[in-house]
Amino acid sequence: MTISNDGESTLPRELFNERGESFEGELDELQGELDQLDNDDRRTYRDANARFISQHPSKRILIVAGPGSGKSFLFLKRIQNWLIENDSARIYVSTFVRKLVKDLQSEVSIELEEIDANRVTVSTLHGLARSILERSRGSANHRRVSNINVVSEEWMNTIWNDVAAFHGSLSTPYTNSNFFKMFKTDVFDEENPWSAIAATYETISHFYNSVGFNDMIVLAREAIDERPELIQHSYWIFDEFQDFNVSENHLIQSLTATAEGVLIAGDDEQALYQKLKQSHPGIIISYYEDSEFANAMLPFCSRCGYWICLAASSFIAASRAAGSIKKIYLPLFVDETAPKVQLVATPTPASEVDYIQRFIVRHRAELDEHITRMAAGEETDPFLLILTPDKKLKLLATGGADENLRSWLAEWSAISSGRSDDYRRIQAYCSAVGVQADNWVFRRVLFYEGHSSLQVQPLIELALNAGCKLAELEDRLIEEAMARCHEVSSIVEHEEWDWTVKVQMLSEQINIRNLPSLITELESNPISGGIFATEEEADEAIETAGAAAAVELLTLVGSKGLSSKHVIVMGCDNINLNYTTRLAFFVAMTRARESLHLITSLKSRGCVSAHTFVDEIPDAYCEFLLYKKTGHELTEIDSRREWNNQIARWIPKR
0 MTISNDGEST
10 LPRELFNERG
20 ESFEGELDEL
30 QGELDQLDND
40 DRRTYRDANA
50 RFISQHPSKR
60 ILIVAGPGSG
70 KSFLFLKRIQ
80 NWLIENDSAR
90 IYVSTFVRKL
100 VKDLQSEVSI
110 ELEEIDANRV
120 TVSTLHGLAR
130 SILERSRGSA
140 NHRRVSNINV
150 VSEEWMNTIW
160 NDVAAFHGSL
170 STPYTNSNFF
180 KMFKTDVFDE
190 ENPWSAIAAT
200 YETISHFYNS
210 VGFNDMIVLA
220 REAIDERPEL
230 IQHSYWIFDE
240 FQDFNVSENH
250 LIQSLTATAE
260 GVLIAGDDEQ
270 ALYQKLKQSH
280 PGIIISYYED
290 SEFANAMLPF
300 CSRCGYWICL
310 AASSFIAASR
320 AAGSIKKIYL
330 PLFVDETAPK
340 VQLVATPTPA
350 SEVDYIQRFI
360 VRHRAELDEH
370 ITRMAAGEET
380 DPFLLILTPD
390 KKLKLLATGG
400 ADENLRSWLA
410 EWSAISSGRS
420 DDYRRIQAYC
430 SAVGVQADNW
440 VFRRVLFYEG
450 HSSLQVQPLI
460 ELALNAGCKL
470 AELEDRLIEE
480 AMARCHEVSS
490 IVEHEEWDWT
500 VKVQMLSEQI
510 NIRNLPSLIT
520 ELESNPISGG
530 IFATEEEADE
540 AIETAGAAAA
550 VELLTLVGSK
560 GLSSKHVIVM
570 GCDNINLNYT
580 TRLAFFVAMT
590 RARESLHLIT
600 SLKSRGCVSA
610 HTFVDEIPDA
620 YCEFLLYKKT
630 GHELTEIDSR
640 REWNNQIARW
650 IPKR
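If you're matching positions, the sequence shown starts at 0 in numbering that gives the first Met the number 0 and goes up one per residue.
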């Protein structure tokens, strides 16, 4: 079947295989045909291809979609089609990144009538799991009560230490990372001491009425398997599927076993969380090979500039891993006047920092306008992403250049998606007064009071044996902590003092790291009534990549889910870029809309050349530049060979 254009079948066929066949055998031919289209026909094909996929009667569809290829548009069209087909349809859309959730929520509210928008729920997969557990009160073997505490990754260390304290001491391989890996892979070692550790963890979690980022997925799947009536939706969309792990896939399979419609979208070559959360690109590849799923593809990128898209497409195709899903990834618009990829070499890290500073200075008026649009809600993406392979920015460990950059960027510091540690500390003390039945709230107070798990373990055991709450124990340590909670709460609730006075008095009771910042935070978000914001904190614990500032300094991996007008990638040399992966570099490249700058800096951890990733980008897509801080001198070089020769000349002689 071909797409009709003005009554003539002149465009290539839709990228849709109803029986789940691979595109492999004809992809080169299709890519050649698509690459020959002019800009009008590219747009026509993109829209018609997406419309065809969204309206196809197949119940289960996998969409292979590269960065910026229009998934949100297709999702909306599919949602609208389901709503038309079934006036009682309830649709759930889930992804891994919070910003993608917020953007899609906004589009749903704008594009759909209110009555239809109310039938569509959008959240992260962990947000979905949490809602299941709240309704089910856990699973048969892992009971919880209402208002479950979702424990963030940093606080899971405290819970693990509490568990370990019940076992005297735990050494390798009995570590928290190995324990929680079992929840990610859904494979549990039932031999001792793992079985005993798991039993203690469940006892402690039940005592705290808590779930962690990893076990909540397993518990939600268990609850669904036990009580299928908990499933409230019959149509499902799962985005960024390459970032889900085995446990998450098992939950999705349970949710969709009898679904009326399932749409999965992703790209195995954007899988970034294999170490962090045991996600694996093999999962989405297995769906591509599953005949129960129709296969579809979105071939055009509308995000990246012409040369940037060609560079990224060429890079990822050059060394495609065996078994990967081969895809078409072409720019939506042919524009040879667009900026090419800027390969920038600097002799020192100080020059690298100066290049970034000068870039912002040159674009200051445009940046200010962008900030205004963000404040008005008209823009959600950053103006500039500055990306590094190493989150500690160690690549600039020369002459204080890293501190210089961070300080200089403070004007555009990241927007916090949650509360500060100081705010959370005060909130915990106040909440321990208001909700003394919550053991987890009081356990956090004990942590803030400086009491170790070895000190707290006997108290937990006493409370478990007595069937009472931690705060109810008659113990000096407990009584002193509760007295401080009442003192903090009384200061916070004092009606005649302003927050400046309150914070000063609070600092005499508990450790506060940043008084001025806390005053500002409390003035705009006052704590009142001693109520612990469990809902808000749970949302923060289970979601990632929230609000973005106009200028962001992030790792390559941390940029996932974002796009930006301009992207500068630091550390593109033979040393620093070894700290990341080919897939992460591809993702970083495809964050850029208008310009992409890849910087190689000499004297940075001893680098002597650009990284091989940079070498793989075809010369035709690049401009070669040298930059020196002295005189802010930017020089264009005619060829990559001369560019590399200049880098070699900068290497200090031994």
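The beta carbon of each residue, even a glycine, is placed where N, CA and C say it ideally should be. Predicted model only: the values in this text are computed from it and were never measured.
Nearest-angstrom Cβ-Cβ length linking residue i and residue j, presumed shorter than 8 Å
| i | j | result |
| --- | --- | --- |
| Ile650 | Leu601 | 7 Å |
| Val502 | Ile526 | 11 Å between Cβ atoms; not a contact. |
| Gln241 | Asp266 | 6 Å |
| Asp40 | Leu10 | 6 Å |
| Phe51 | Phe15 | 6 Å |
| Ala344 | Gln104 | With a Cβ gap of about 43 Å, Ala344 and Gln104 do not count as contacting. |
| Asp289 | Ala264 | With a Cβ gap of about 15 Å, Asp289 and Ala264 do not count as contacting. |
| Val61 | Tyr287 | As written in the sequence, residue 61 is Leu, which differs from the Val given in the question. Indeed they touch by this definition, with Cβ atoms about 6 Å apart. |
| Lys325 | Leu26 | 6 Å |
Residues sharing a beta bridge with residue i, DSSP
| i | result |
| --- | --- |
| Phe15 | Ala295 |
| Leu169 | Per DSSP, none; premise fails for Leu169. |
| Leu262 | Ile60, Ile236 |
| Glu551 | Leu384 |
| Asn244 | Ser278 |
| Thr120 | Tyr91 |
| Leu624 | Val343, Glu635 |
| Arg220 | Arg220 is not bridged to any residue. |
| Asp572 | Ala609 |
| Ser406 | According to DSSP, which records beta bridges pairwise, Ser406 is partnered with nothing at all. |
| Pro330 | Cys300 |
| Thr142 | The identity of residue 142 in the sequence shown is Arg, whereas the question assumes Thr. Beta-bridge pairing links Arg142 to Gly137. |
Residue i burial status per 10 Å Cβ neighbour count (16 or more: buried)
| i | result |
| --- | --- |
| Glu13 | buried |
| Phe187 | exposed |
| Asp367 | exposed |
| Phe531 | Interpretation of Phe531 is limited by its pLDDT of 46, a score under 50 that renders its predicted location unreliable; the figure taken from the coordinates is listed afterwards. Its Cβ being crowded by 16 or more others within 10 Å, Phe531 is buried. |
| Glu534 | A caution first: Glu534 carries a pLDDT of 45, below 50, which makes its placement in the model unreliable, though a value can still be read off. Glu534 is exposed by the Cβ-count criterion. |
| Leu553 | buried |
| Leu309 | buried |
| Val352 | buried |
| Gln454 | exposed |
| Asn208 | buried |
| Glu520 | buried |
| Glu473 | exposed |
| Lys390 | exposed |
| Gln341 | buried |
| Gln252 | exposed |
Of the residues the options, the one placed nearest residue i, counting alpha carbons only
| i | options | result |
| --- | --- | --- |
| Ala549 | His565, Gly560, Asp34 | His565 |
| Arg418 | Ala427, Glu410, Leu132 | Ala427 |
| Ala619 | Lys627, Glu632, Arg639, His631 | Arg639 |
| Arg592 | Glu190, Asp27, Pro338 | Pro338 |
| Asp37 | Leu331, Asp161, Trp407, Glu20 | Leu331 |
| Ser313 | Leu329, Gly304, Ile324, Ser301 | Leu329 |
| Ala163 | Asn117, Glu201, Ala293 | Glu201 |
| Trp235 | Leu111, Thr611, Ser301, Leu82 | Leu82 |
| Glu227 | Ile203, Leu254, Ser204 | As written in the sequence, residue 227 is Pro, which differs from the Glu given in the question. Among Ile203, Leu254, Ser204, the Cα nearest to that of Pro227 belongs to Leu254. |
| Lys628 | Glu23, Ala400, Gly466, His493 | Ala400 |
Same chain, Cβ closer than 6 Å to residue i, neighbours up to 5 away in sequence not counted
| i | result |
| --- | --- |
| Ile216 | Ala128, Ser246, Glu247, Leu250 |
| Ile327 | Gln30, Pro298 |
| Phe206 | Asn438 |
| Pro66 | Thr589 |
| Glu542 | Per-residue confidence for Glu542 stands at a pLDDT of 46, beneath the threshold of 50, marking its modelled position as unreliable; the derived number appears in the next sentence. Excluding residues within five positions, the ones whose Cβ falls inside 6 Å are Arg97, Thr123. |
| Trp642 | Phe623, Ile636 |
| Tyr44 | Leu10 |
| Tyr91 | Thr120, His232, Trp235 |
| Val568 | Leu386, Ala587, Leu597 |
Nonlocal neighbours in the same chain, by C-beta distance under 7 Å from residue i, ignoring five residues either side
| i | result |
| --- | --- |
| Lys468 | Gln435, Ala436, Asn438, Ala462 |
| Arg322 | Note on residue identity: the sequence assigns Gly, not Arg, to residue 322. Cβ neighbours of Gly322 beyond the five flanking positions: Ile284. |
| Ala537 | Per-residue confidence for Ala537 stands at a pLDDT of 49, beneath the threshold of 50, marking its modelled position as unreliable; no derived number is given. |
| Asn213 | Phe179, Phe182, Lys183 |
| Asn403 | Val352 |
| Arg357 | His631 |
| Gln456 | Asp161, Ala164, Phe165 |
| Ala375 | none |
8 Å Cβ shell around residue i - same chain, five flanking residues per side excluded
| i | result |
| --- | --- |
| His279 | Asn244, Val245, Ala270, Gln273 |
| Ala139 | Glu221, Glu225 |
| Ile490 | Trp496, Lys501, Met504, Leu505, Gln508 |
| Gly694 | The requested residue 694 is not part of the displayed model; the chain covers only 0 to 653. |
| Asn80 | Ser53, Gln54 |
| Asn513 | Ser419, Asp421 |
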